[in-house]
Amino acid sequence: MTETSLRKLLGFIDLAPGVLPRHGWAFLVAAFLSIGLMIFISAGQTYVLNVNLGIPDNEQGSITSSLIIWTEVVALLLFIPAGILIDHISRRAIYAAGFLLLAMTYAVYPFADSLTDLYLYRCTLYTFGFVAITAALSTVLVDYPAERSRGKLVATVGFLCGLGVAVIQGFSALPPWFMSMGMNAIEAGQAMHFAIAGLCVCAAVLVVTLLKPGVPVRTRKRPTARDIFIGGFSEARNPRVLLAYSAAFIARGDQAVNAFFLILWGTLAGKAAGLTPAEALAAATLTMFVPAQIAALVWAPILGPFLDRFDRVTALAICMVLAAIGNLALLLLDNPRDSIGILFFILLGIGQISVFLAAQSLIGQEAPVARRGAVLGAFNVSGAIGILLIVLVGGPLFDTIDPRAPFVVVGMINVLLFFGCVLVLRMAPSAASPDASSSPQIADEQANP
């Protein structure tokens, strides 16, 4: 058996020298768990707000947006130090530490007695764990594949991350089952969180024992904050790069709105229909959020060849239309519990993944080789700013105007960026750096709790 065949993963992914198939398989399982375990905070937080703290329905949107904003602010301060740390310590140690911090978050979250407790847990334990896992996932994704298989591993990991989100959100259906066994609502919520915490511990054991130890002899140079804000954003003089940054802004904002406000809307609607908070959360997750995620998973491989066939900006324009339809169509859905609602959630999932993939495709093409790290860093910062601003506006609108208001805000920005695409096609009709194709790290873009 040749060295090459020994380094095959899934039969078609070649691994980098020194990376064994068992390392690759462990990474695929870790990728499946990573984003799903981070995103579960959306369901867990909704449960705690309704059951443990009894927050009035008309305040939950603003509180949710505030928690997201503070998480993003702290995370932005930590990402560059985390990148430096992960290049000097074993990848698997940082990865495992991230999972253990998530486990601690979920172990204490259902014991929160006040909003202050939620802010404390989320801005410390959760955010440190989120940053560690995100940094480790994106770094190992760079380390493990041979160059000729890089795109294949990125696509595989992207699919597994999305599948993990859909599967792990199913844990939100556990509280009604625990209550049927005699637990009260608070105890059932604690048991649900303990189950997720246990899964986090299993993930930590997996990565610390089966991932490749140490760090590569040569590690990629990570951009500094100065590189990103001076070098990265200076590339926005290229209209196509500026458009990609704008697309990242709305793609991440859209993901945040879907992850939190969709579940919150469904939970509040379920409570209004007479369900217990536990039943309402389970119904919202399984009939609204999960169908949107499954639609995104099915649509992604269909969209991929389309993105390669057309000019990247043209493809992004079409994807903006899909996203606008998905978000603005919710104006026609008065009650998210209606049976026809699943069609709207499918459209929502298709639109969200379309903009996400089209934005990645465009920045991958346009990022110049000499400044690729800085440009991708600026791309990810643009996405974080999108989360901050959209949830800052969307949360109060959710409470005071209508639960569909955050989606309308996103849909209107989709429409504006469609016209931006048309303008860029007139100003810069061809790619600036056609040889610069590369995929931005999916972890930085998918993790949007």
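Just so it is clear: in the sequence shown, position 12 is 23 by our numbering, and no numbers are missing. A virtual CB, placed ideally from N, CA and C, is assigned to each residue, including glycine. Quick caveat, the model's predicted, so the values are computed rather than measured.
Express the C-alpha separation of Gly94 and Ala259 in angstroms, rounding to a whole number. Position 248 of the sequence shown, counted from the start, is the residue given in the question as residue 259. Position 83 of the sequence shown, counted from the start, is the residue given in the question as residue 94. Taking the straight line from one Cα to the other gives about 21 Å.
Just list the alpha helix (DSSP H) runs in the segment 263-295, keeping only unbroken ones of 4 residues or longer that don't cross its boundaries, in chain order. Counting only runs of 4 or more, we get 274-283, 288-295.
Can you look up Asp410 in the DSSP assignment and give me helix, strand or coil? Locating residue 410 in the sequence shown gives position 399, counting from the first residue. Asp410: helix per DSSP, three-state reduction.
Assigned secondary structure, Leu31 (DSSP; H/G/I helix, E/B strand, else coil): Here residue 31 corresponds to residue number 20 of the sequence shown, with the count starting at 1. Leu31 falls in the coil class under three-state DSSP.
Which of helix, strand or coil does DSSP assign to Ile24? For this step, residue 24 is matched to residue 13 along the sequence shown. If DSSP states are grouped into helix, strand and coil, Ile24 belongs with the strands.
Residues bridged to Pro156 [DSSP beta-bridge criterion]: As a first step, residue 156 must be located in the sequence shown, where it is residue number 145. Paired residue(s): Leu26.
Figure out for me which residue from Phe355, Ile353, Cys172 has the closest Cα to the Cα of Thr145. In the sequence shown, counting from the first residue as 1, residue 145 sits at position 134. Residue nearest to Thr145 within the set Phe355, Ile353, Cys172 is Cys172 (criterion: CA-CA distance).
Which residues mark the beginning and the end of the alpha helix (DSSP H) in which Leu359 is found? Mapped onto the sequence shown, residue 359 falls at position 348. Counting along the chain, the alpha helix (DSSP H) containing Leu359 begins and ends at 352-377.
Our contact map puts Met115 next to Leu136 with C-beta atoms below 8 Å; I'd like the distance itself, whole angstroms only. For the purposes of this step, residue 115 is taken as residue 104 along the sequence shown, with counting starting at 1. For the purposes of this step, residue 136 is taken as residue 125 along the sequence shown, with counting starting at 1. Contact annotation, Met115 with Leu136: C-beta distance approximately 5 Å; criterion of less than 8 Å satisfied.
Which residues in the same chain as Asp265 place their Cβ atom closer than 7 Å to its Cβ, once the five residues preceding and following it in sequence are excluded? In the sequence shown, counting from the first residue as 1, residue 265 sits at position 254. Correct list, in chain order: Ala334, Gln363, Val366, Val421.
Near Gly109, what residues of its chain come up, given a Cβ to Cβ distance below 7 Å and the 5 sequence neighbours on each side ignored? Working through the sequence shown from its first residue, we reach residue 109 at position 98. Within the same chain, and ignoring the five residues on either side of Gly109 in sequence, the residues whose Cβ sits closer than 7 Å to its Cβ are Gly140, Ala143, Ile144, Ala147.
C-alpha gap between Gly200 and Tyr58, whole angstroms: Here residue 200 is taken as the residue at index 189 of the sequence shown, counted from 1. Here residue 58 is taken as the residue at index 47 of the sequence shown, counted from 1. When rounded, the distance between both Cα atoms is 7 Å.
Should Asn346 be labelled buried (16 or more other beta-carbon atoms within 10 Å of its own) or exposed? Along the sequence shown, read from residue 1 onward, the residue named residue 346 stands at position 335. Under the 10 Å beta carbon count, Asn346 is surrounded by fewer than 16 other beta carbons and is classified as exposed.
Excluding the 5 residues flanking Arg323 on each side, which residues of the same chain have their C-beta closer than 6 Å to its C-beta? As a first step, residue 323 must be located in the sequence shown, where it is residue number 312. Here the set comprises Ser372, Leu373, Gln376.
Which of helix, strand or coil DSSP assigns to Lys163: Your numbering for residue 163 matches position 152 in the sequence shown. Lys163: helix per DSSP, three-state reduction.
If you draw a straight line from the alpha carbon of Tyr256 to that of Ala369, how long is it in whole angstroms? The residue you call residue 256 lines up with position 245 of the sequence shown. The residue you call residue 369 lines up with position 358 of the sequence shown. Cα to Cα, Tyr256 sits roughly 12 Å from Ala369.
Counting C-beta neighbours from all protein chains within 10 Å, is the total for Met299 16 or more, i.e. buried, or is it exposed? Here residue 299 corresponds to residue number 288 of the sequence shown, with the count starting at 1. Label assigned to Met299: buried.
Near Gly242, what residues of its chain come up, given a Cβ to Cβ distance below 6 Å and the 5 sequence neighbours on each side ignored? As a first step, residue 242 is located in the sequence shown; it is residue number 231 there, counting from the start. If we look at Gly242 and ignore the five residues flanking it on each side, its Cβ neighbours are Arg382, Ala385.
Assign Ile50 to buried or exposed, taking buried as 16 or more other Cβ atoms, counted over all protein chains shown, within 10 Å of its Cβ. Counting from 1 along the sequence shown, the entry for residue 50 is found at position 39. Looking at its Cβ environment, which holds 16 or more other Cβ atoms inside 10 Å, Ile50 is buried.
Would you mind sorting Gly225 into buried or exposed? The rule is 16 or more other CB atoms within 10 Å of its CB. As a first step, residue 225 is located in the sequence shown; it is residue number 214 there, counting from the start. By the neighbour-count rule (16 or more Cβ atoms within 10 Å), Gly225 is not buried but exposed.
Span of the alpha helix (DSSP H), counted from its first residue to its last, around Tyr132: Taking the first residue of the sequence shown as position 1, residue 132 is located at position 121. Taken as a continuous stretch (DSSP letters only), the alpha helix (DSSP H) holding Tyr132 covers 126-132.
Met203 in three-state terms, based on DSSP: As a first step, residue 203 must be located in the sequence shown, where it is residue number 192. Secondary structure of Met203 (DSSP, three-state): helix.
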